[in-house]
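**Student:** This is the structure I have questions about; it appears just below.
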Amino acid sequence: MPELPEVETIKIGLAKLLPGQTISRVEHDWPKSFPNAPTDVENFLIGAKVKEVRRRAKVLLIDLDSDYTLMIHLKMTGQLVYRSEKDRFGAGHPTESLIGKLPDKSTRVTFDLSSAKGKAKLFLNDQRKFGWVRLMPTVEVPNVDFLKKVGPEPLEASFTDKAFKQRLLKRPNTSIKAALLDQTVIAGVGNIYADESLWGAKLHPATHVNKVSDRAFNILFKELQYVLRLSIEKGGSTDKNYVNAEGKKGSYMSFARVFRREGQACPRCGTIIIKTRVAGRGTHLCPKEQKFVGAAK
DNA sequence: CACTTGACCTGTCCGC
DNA sequence: TGCGGACAGGTCAAGT
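In case it helps, the numbering used here puts the first sequence at residues 8 to 304.
Spelled out as structure tokens, the structure:
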């Protein structure tokens, strides 16, 4: 569920909190959450100081002054929550907070941090255990399979409508929704923003890519950028358990037009929004405005 | 090769 | 109330 806007929101939060902090200890209770921890932690993690926090696609990168990087993928239910000692590591925030005392039963990895300002902890929580952290030399980051194959960032200024169309046409015979979700086509789009942008462009998610007109590509591009930017501004989407670096929810869901709004009125035409299945995913659409125009020839 | 489906997991919800 | 099964959806591996 963390998609581009959610991971970006966490990145913005951690970028204010982590740089300058030294990692003093790490614990993990689920080996798959931190596969290479045993071999590299002592030498390259403990005692290292955080230099910078970055994001690429849905991946978070925490660069350390040991020239190692923590690469983190939250997959579906991952949370990365920072608590300072002042917060007693878990009093919780009075408002907007989804989680209370930490660690909780979904905590998989705990990093202890220290700086001149005091002690803190960073918790990787993950109910479903799909997420992971890996430690690797910073220079190796670009060579990780996923990052070698992943497509361009949709909000980069250099990413144009022309490039958008070109990338999607890499998958001419699949549905436009499957192409949007394909991380090797474009980085960072998941189920929420695929549905939201397709509604914006009045495109049926099952429309085959080679049936999409130039005009529709251009509108879809603008709509995708719009929903991603709006969501970052609103702190992301909290559907079930997404929270930012401070444990707070994002509010995009109250601005969503179709996602999780089956049974409600389409904001443009009033038709009841339906939920169906496209590209193996739950898919929300307005059946009047998003007509299926036919499969590829 | 292009594309789709299943596995990885756990919590929640729905029907019986 | 309890219980089985479907469902949630990011990515990789396996299948068509």
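Heads up, the beta-carbon is just placed ideally off N, CA and C, and yes, glycines get one too.
#1: Please confirm if the segment 229–244 is in contact with the segment 58–74, defined as three or more CB-CB distances below 8 Å between the two stretches.
#2: Just the C-alpha distance for T278 and R267, rounded to the nearest angstrom, thanks.
#3: If you run the structure through DSSP and keep just helix, strand and coil, what is Y249?
#4: Can you tell which of A213, K112, P274 has its C-alpha closest to the C-alpha of K184?
#5: How close, in whole Å, do the beta carbons of K298 and T290 come, if the pair is a contact with beta carbons under 8 Å?
#6: Out of curiosity, what's the CA-to-CA distance linking D221 and K172?
#7: Check for me: the beta strand (DSSP E) holding N225 runs from which residue to which?
#8: As a quick exercise: from V151, K295, P294, S258, pick the residue whose alpha carbon is nearest that of I79.
#9: What three-state label does DSSP hand E163 in the structure shown?
#10: Cβ of Y89 within 7 Å of any heavy atom in the ligand GDP?
#11: Does DSSP classify F130 as helix, strand or coil?
#12: For A272, write down the residues that DSSP places opposite it in a beta bridge.
#13: Excluding five sequence neighbours on each side, which residues of the same chain lie with their C-beta closer than 6 Å to the C-beta of T102?
#14: Provide the residue span of the beta strand (DSSP E) that contains I30, from first to last.
#15: Taking the beta strand (DSSP E) that L87 belongs to, which residues open and close that run?
#16: Along the chain, where does the beta strand (DSSP E) that runs through K58 open and close?
**Tutor:** On the basis of the coordinates in this document:
#1: no
#2: 15 Å
#3: coil
#4: A213
#5: That belief does not hold up - the Cβ atoms of K298 and T290 are roughly 14 Å apart, past 8 Å.
#6: 8 Å
#7: Element bounds for N225: not the beta strand (DSSP E) but the alpha helix (DSSP H), 221–240.
#8: V151
#9: coil
#10: The ligand GDP is not part of the structure shown, which contains no ligands of any sort.
#11: strand
#12: I279
#13: With a pLDDT of 45 at T102, under the threshold of 50, the predicted position of this residue should be treated as unreliable, though the coordinate-derived value follows. There are no such residues.
#14: 29–35
#15: 85–91
#16: 57–63
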